[in-house]
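Q: Take a look at this one; I'll ask things after.
Residue numbers (the numbering used here): 2 to 168.
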């Protein structure tokens, strides 16, 4: 994840928030059956991250179930939810986690056809050719009504994951 950022002094309050945030990820990952085991937790700022929780799979896995993805979303949301529970509000420290959780939920629906509401199909056509500096592009092949359903399903999967964290 990169070398320690010694140039940035982190105050005690932010260290405490980071510690709780990362502990949230680690605890939820530890107790969820479909989560990879936690190998390392750090509250030392590295790269863009204030801290990190490293999970490493026990074995290579080529197929993932809906439950695997919901558990992964729960782990990603855990730091954000712990901040809210302990400190009464959330910080920007969870931005990357929220982005990744939303991306996993969207993939469940648009790439893997795992939505009970929208059924076993994919949404959007990916452009596979990537040139220097360009990101993958996804061409929309569905209506505004379906887009709203996709967003509703993303919210549903996020809520399901939040419930797992609380249990």
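The C-beta atom is built at its ideal place from N, Cα and C for all residues, glycine as well.
Whole angstroms are fine: how far does the CA of residue 87 sit from the CA of residue 108?
A: Their backbone Cα atoms lie some 31 Å apart in a straight line.
Q: Curious, which full-length beta strand (DSSP E) runs of at least 3 residues does the segment 33 to 93 contain?
A: Taking only runs of at least 3 residues, the beta strand (DSSP E) segments lying wholly in the segment 33 to 93 are 39 to 43 and 53 to 56.
Q: Over what stretch of residues does the alpha helix (DSSP H) that includes residue 101 continue unbroken?
A: It spans 96 to 111 - the alpha helix (DSSP H) in which residue 101 sits, taken as one unbroken run.
Q: Can you tell me whether residue 144 is helix, strand or coil according to DSSP?
A: If DSSP states are grouped into helix, strand and coil, residue 144 belongs with coil.
Q: From the DSSP output, in three-state form, read off residue 114 for me.
A: The answer is coil: DSSP assigns residue 114 none of H, G, I, E or B.
Q: Go ahead and label residue 124 buried or exposed: buried means 16 or more other beta carbons lie within 10 angstroms of its beta carbon, across all protein chains shown.
A: By the neighbour-count rule (16 or more Cβ atoms within 10 Å), residue 124 is buried.
Q: Tell me which same chain residues have a C-beta within less than 8 Å of the C-beta of residue 59, skipping the five on either side of it?
A: 37 and 38.
Q: Name, in chain order, the residues that DSSP records as bridge partners for residue 165.
A: In the DSSP output, where bridge partners are listed per residue, residue 165 has none listed.
Q: Which one of 101, 77, 21 and 66 has the shortest CA to CA distance from residue 83?
A: When only C-alpha atoms are compared, the closest one is 21.
Q: Have a look at 110, 79 and 111 and flag the residue whose alpha-carbon is nearest the alpha-carbon of residue 96.
A: Among 110, 79 and 111, the Cα nearest to that of residue 96 is on 79.
Q: Report all residues from its chain with a CB closer than 6 Å to the CB of residue 67; omit the five preceding and five following residues, and keep chain order.
A: The residues are 115.
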